[in-house]
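Chemist: Protein sequences, first through last, are from chains C and F.
For the first sequence, this note's numbering assigns the number 874 to the initial residue and increments by one for each residue that follows.
For the second sequence, this note's numbering assigns the number 3 to the initial residue and increments by one for each residue that follows.
Let me give you the structure first, and then I'll get to my questions.
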Amino acid sequence: MDYVDRLENVTVLGAGGKMGSGILLLTAMEMANLSLMPENKHRKFVLNAIDVSDSALLSLMDFLQAQVVKAAEKKTVQLRQMYKDRKDLIENGDIIKQYVFDVIKLVRCSTRLEQSYDSSLIFEAILENPDLKVKILSQIKEKSSKTPWFFTNTSSIPIHELDENVKLDGRIVGFHFYNPPAVQKLVELISGSNTQEDLVQFALQYAKNLRKIIVHSNDVAGFIGNGHFMRDGLYGISEVERLSEQVGFAEAVYMINKVSQDYLIRPMGIFQLIDYVGIDVCQFIMSVMNSRLQSENIHSPLLDKLNEKDVKGGQFGDGSQKDGILKYEKGKPVGVYSVDKGEYIPISEFQEKCDAKLGALPKAALPWKAVIGNPDKKTILENHFAELNEMDNLGAKLAVEYGKRSKEIALKLVADKVARTEEDVNTVLLTGFYHAYGPINEYFI
Amino acid sequence: MRKLRKKLYMTAGFNTISLGTGRKEFHPKKPRPGLEHYIKEAGQGTLAQMNGAQHVDECVIGNFMAARFNKQANLPAFFPMIDEGLKWKPAVAVEGACASGGLALATGIKTVLAETADVVLAVGVEVQNTVKAIYGADILAGAGWFQERKTGHAYFFPGKFSDRAGVYFEKYGRDKARKAFARWYRNAVENARLCPTAQEYHNKVEDLEAMAMMEPNPKAFVDNLNVFDCSKVSDAASAIAIVSEQGLEKIGVAKKDAVEVVGLGQAEYDITIPPADLTRLETTELAVKRAFESAGISKDDLSTVECHDCFTVAGILGTEAIGFAKPGEGADFVSAGNTARGGKIPFNTTGGLIGWGHPTGGTGVHQAVTIWEQLTGKAGDAQIEINNNKPFGLSINMGGDDKTVVAIVYKKC
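Here you go:
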């Protein structure tokens, strides 16, 4: 079975979710591109979008329509080549419309797992729950008319565990997209101890066609991305606990969020990132890591409490942010959830006081947005951190400690052989988390 | 072309801002003024300088593709909306792609020459930001032969002029041509910064030439041009009055506030036949020659030129078509600074199509307004010095790939 054979009948599990919908979009376009090649005219491409929720599948189609139009408008120059023999398609508008239809017509939505039984390739992007994953994959393996390959989007569960528990004989690989999959360049590729080599080769080809950057991670719970993020998040939470004794909980959350964003020039503060990923998702990932990594405690009672109160973060169907630890208006944090009071306290009530406590930002400070694509990025960062290290105020001190801890976490991922190289860890943070600089750097010594 | 049979003038020019990317007011996702707004603003701007609508005998509007950009036809019927005084007055709309504005002027000129009117209100308008650029490219491709659309580039007209640039590169050298393109861009933006209505008025980039030297990216755009080589997608309108000597008296405008129209040259080329030589603008050459003959002047009598730089390469080829440079030497002529505002012959003193903007059907009228401003000392910060020994200005308005061309010679009064 070659590359195209493998992609003739594909299933995405959890296609209505935020990761699943992105994976479905990218796969649908890759399959449509193949279907439009003259040599593939005889083939019948089918992409099953499976999800437990009908409403999620309906939203998925709206999402697909909008995203494929956007993508087609960007690559009309190539599309005109692809449709050059279609005499009836003359204007860009005609061609874009046809391409959108040619992508969408491959997609079959269903809430029934049976739909996946003829697929040669299964993308799994369901809940980050090991038992559920094993159950669903086992059922497909049992009933399938083919011998399908499984790509799991797990961000934490070791691949060899899934392999052994489902008895796949190495027909599974970790293919971890970052959110949102259509935008983020990074894919973490994780082979289990038994993963078949031709599956890995296929995965590399597929990633290349999708123009993704691959970083190989070893098969250790959490991998590189969450291996860093979860520990980074726990550090943020521990800093809040320490600080809240002096300033109060909501104030401490606001301050650490600000330190980890503005002082460290990151795209989001640590609590906004936790909300973005989803508090429930973070809790799942931590529990997976915690039960498999005996030497450390990867667990947050705070996240447990928030989950109990149904404060979960995550995103709405349109991609906007749901309230979590922070409350959002137009995507910007405006409140902090008080676990004791069970309500959000407006940031405006204490912002001025907290900002005064933190003290000024370095004079050279720029927002992340102004740095990330800046040709002078290196100099800007050097000046910023040189100044930060010299400063005496609370904000700067918290930031320096934060940066040091982030670096320590990253170095340990290499020492523990989760990552092959220091550069791989930096690539993950740069391309999966959109940081302006890697955690392993000369800024924090 | 024969000498014009009687004296006629243009006056009371008005430009709206050219709205689109580059302007601070422009936001692609926010609602914007429509066609009506621009026609009204420009028309009223001109009427305000000529004692209102009472003396207007006829109206003419140039527009290219409102039928597609705005789903609107029958544009002459918008004149009474500008001013109630225009109700019941005759009006006509003309179309010749991006030369529609020039054709509106030519029509007004001929109406006055034919003595069926002493005062003609001419408006040119286009509102193009109603669709994204990739769909706008389809609409603008209407300036070419539709039978060529299928084999044409996604960005049809950039594709056409990219081909011209490619042949020019081969024949005369890529490096010097690309450098001249970048210089053309710099001149355009530097001039636009002096004109508050220009689309690039807010442009603050320091090293414009370095930016414009960006390598073309054929995967996303065309082979031989980058985005800086292209004119803007613009929403704008311009208006001007075309009047006889009696008309000038009627509207109460002094001669010093008007320019005399002394030469007109028009030419057409078969839209179904590709240009014989891609490094020449033959139709432009002919139209300019006729305009000069009709005015009885030569290029050496000009103080300023508004040329149709829909792309930088068209600007370079324009300098050759007028005769300022020999074939292949337009690039050197431009790189040496001759067309800059302090140069031998300042071109496009408010930015031209690349710097001021290119509201396709309105551009021809905008060119006339700019020359009128320069020759009457009304160009504000963009004012250049007009040598009294060279009291002439020239505008060249081109529709399609050098298919429909209108050249006009103006004289300081």
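Where is the CB? At the ideal position from N, CA and C, for every residue including glycine.
If you're wondering where the values come from, they're calculated on a predicted model, not measured in any experiment.
1) Just how far apart, CA to CA, sit A124(F) and P82(F)?
2) Who are the near neighbours of K234(F) in its chain, counting only those whose CB is closer than 6 Å to its CB and skipping five residues on each side?
3) Would you mind sorting E1118(C) into buried or exposed? The rule is 16 or more other CB atoms within 10 Å of its CB.
4) Return the chain-ordered list of same chain residues with a C-beta closer than 7 Å to the C-beta of Y1136(C), the five sequence neighbours on each side being excluded.
5) Using a C-beta cutoff of 8 Å, does K162(F) count as contacting chain C?
6) How is the alpha helix (DSSP H) around T1304(C) delimited, first residue to last?
7) Go ahead and label K8(F) buried or exposed: buried means 16 or more other beta carbons lie within 10 angstroms of its beta carbon, across all protein chains shown.
8) Return helix, strand or coil for P82(F), following the three-state DSSP convention.
9) For V440(F), does the count of other Cβ atoms within 10 angstroms reach 16, so buried, or fall short, so exposed?
10) Give me the subset of the region 136-151 of chain F whose CB atoms are less than 7 Å from a CB atom of chain C, sorted by chain position.
11) So, are the CB atoms of T378(F) and V261(F) less than 8 Å apart?
12) List, in chain order, every chain F residue whose beta-carbon is nearer than 7 Å to that of V950(C).
13) State the Cα-Cα distance for the pair T352(F) and G382(F), rounded to the nearest angstrom.
14) Measure the C-alpha to C-alpha separation of G298(F) and H368(F) and round it to an integer number of angstroms.
15) Consult DSSP for G15(F) and reduce its assignment to one of helix, strand or coil.
16) Under 7 Å between beta-carbons, which chain F residues line up against I1253(C)? List them in chain order, please.
17) Just tell me which of A139(F), A179(F), G15(F) has its CA closest to the CA of E217(F).
18) Does any residue of chain F have a CB that is nearer than 8 Å to the CB of G966(C)?
19) Identify the continuous alpha helix (DSSP H) that holds N1130(C) and give its terminal residues.
20) Between the C-alpha atoms of S296(F) and G366(F), what's the straight-line distance to the nearest angstrom?
21) What runs of the beta strand (DSSP E), each 3 residues or longer, lie entirely inside the region 900-930 of chain C?
22) Check whether chain C comes within 8 Å of K73(F), counting only Cβ atoms and requiring the distance to be less than that.
23) Closest to D237(F) by CA distance: which of K5(F), L10(F), M12(F), E43(F) is it?
24) Just curious, the alpha helix (DSSP H) that F335(F) is in, first and last residue?
25) Does the separation of the CB atoms of G320(F) and H310(F) fall below 8 Å?
26) Could you name the residues that DSSP lists as bridge partners for V62(F)?
27) Would you mind reading off the limits of the alpha helix (DSSP H) that contains K1008(C)?
28) Using 8 Å as the cut-off, can you tell me whether the region 916-935 of chain C makes contact with the region 883-894 of chain C, which would need three or more C-beta pairs spanning the two stretches below that distance?
29) With DSSP as the reference, label D237(F) as helix, strand or coil.
30) Which class does K1285(C) belong to by DSSP, given the choice of helix, strand or coil?
31) From which residue to which residue does the alpha helix (DSSP H) around A1094(C) run?
32) Answer yes or no: does any C-beta atom of chain F fall closer than 8 Å to that of E997(C)?
33) So which residues on chain F does R953(C) lean against when the C-beta distance must stay under 8 Å?
34) Enumerated in chain order, which unbroken segments of the beta strand (DSSP E) with a length of 3 residues or greater are wholly contained in the region 144-229 of chain F?
35) Is it right to say F1189(C) is buried, meaning 16 or more other beta carbons lie within 10 angstroms of its own, or is it exposed?
36) Name the chain F residues whose beta carbon is nearer than 7 Å to that of E946(C)?
Modeler: Reading from the atomic positions:
1) 13 Å
2) G22, Q201, G359, H360
3) exposed
4) L1234, L1261, G1268, A1269, A1272
5) no
6) 1295-1304
7) exposed
8) helix
9) Only positions 3 to 415 of chain F appear in the structure, and residue 440(F) is not among them; the question remains open.
10) I136, Y137, A139, D140, R151
11) yes
12) A156, K221, A222
13) 10 Å
14) 24 Å
15) strand
16) What I1253(C) touches in chain F: nothing, since even the nearest Cβ is about 18 Å away.
17) A179(F)
18) yes
19) 1122-1131
20) 19 Å
21) 919-923
22) no
23) E43(F)
24) 332-337
25) yes
26) V94(F), A124(F)
27) 1003-1016
28) yes
29) strand
30) helix
31) Where A1094(C) is concerned, there is no enclosing alpha helix (DSSP H), given that its DSSP letter is neither H nor E.
32) no
33) H155, A156
34) none
35) exposed
36) K134, I136
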